[in-house]
Amino acid sequence: MNVHPIKVVIGKPGLDGHDRGAKIVARSLVEAGMEVVYLGLRQTPESIVSAALEEDADVIGLSVLSGAHMTHFKRVRALMVDKGIGDRLLTGGGIIPTKDQETLDSLGVGRLFGPGDDPQEIVDYIREWVSNHPSEELD
Numbered sequence: 017m018n019v020h021p022i023k024v025v026i027g028k029p030g031l032d033g034h035d036r037g038a039k040i041v042a043r044s045l046v047e048a049g050m051e052v053v054y055l056g057l058r059q060t061p062e063s064i065v066s067a068a069l070e071e072d073a074d075v076i077g078l079s080v081l082s083g084a085h086m087t088h089f090k091r092v093r094a095l096m097v098d099k100g101i102g103d104r105l106l107t108g109g110g111i112i113p114t115k116d117q118e119t120l121d122s123l124g125v126g127r128l129f130g131p132g133d134d135p136q137e138i139v140d141y142i143r144e145w146v147s148n149h150p151s152e153e154l155d
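Numbers 17 to 155, taken from this note's numbering, label the letters of the sequence shown in order.
In C-alpha cells:
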C-alpha cells in the first residue's frame, strides 16, 4: 500500500483580507510533511470545495476572521456532503465564539483554532483525525 502525505486545502472565504494566520498554519503543515494547497484570499465556498475535489484533499481548512464563520463553514460543509466528500475533515480557525464552535461541531465541523493557538496543536489534530478516519480508497 502506497502511503501518501496528508493533503490539506486552505481557503479564505469571503472578503476577509487578513491571511497571515492562514499562511503561518500552511507553512507549519508543510514543515510537518503535509501537502498544502493555499488558495489565497476571497474564495467562495464553491471554489474551495471544487479545489478539494480536484486535489483529492484529506482536509479542508478555512480561515475566517470577518465574523461570517457560521455562513462559510455551514456552506462549505453542505457542499462537501453534496459532492460526496462529507467524510473528509473540515477544520479551520479565526475569531469564533465558543457557542458558535459548539453549533458548528454539531454540523460536522472539526475542531476550530484561534489566534495564539500553537500551530503544532493543529498539526497534531490533523494527523490524529486522519489516522482515525482512514481513506477507504486503495492507493
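The C-beta atom is built at its ideal place from N, Cα and C for all residues, glycine as well.
C-alpha of Gly110 to C-alpha of Leu69: approximately 24 Å in a straight line. Phe89 and Leu45 do not touch by the CB rule: their CB atoms are close to 19 Å apart, not below 8 Å. Ranked by how close their Cα comes to the Cα of Gly124, the residues Val25, Arg93, Lys99, Asp35 have Arg93 in first place.
For the pair Val80 and Pro131, the Cα-to-Cα distance works out to about 11 Å. The segment 28 to 64 contains, as complete alpha helix (DSSP H) runs of 4+ residues, the segments 36 to 47 (chain order). When secondary structure is reduced to three states using DSSP, Ser147 falls in the helix class. Taken through DSSP and simplified to helix, strand or coil, Val125 comes out as coil.
With a 10 Å radius around the Cβ and a threshold of 16 neighbouring Cβ atoms, Leu31 comes out exposed. The C-beta distance from Lys28 to Gly56 rounds to 7 Å, short enough to fall under 8 Å.
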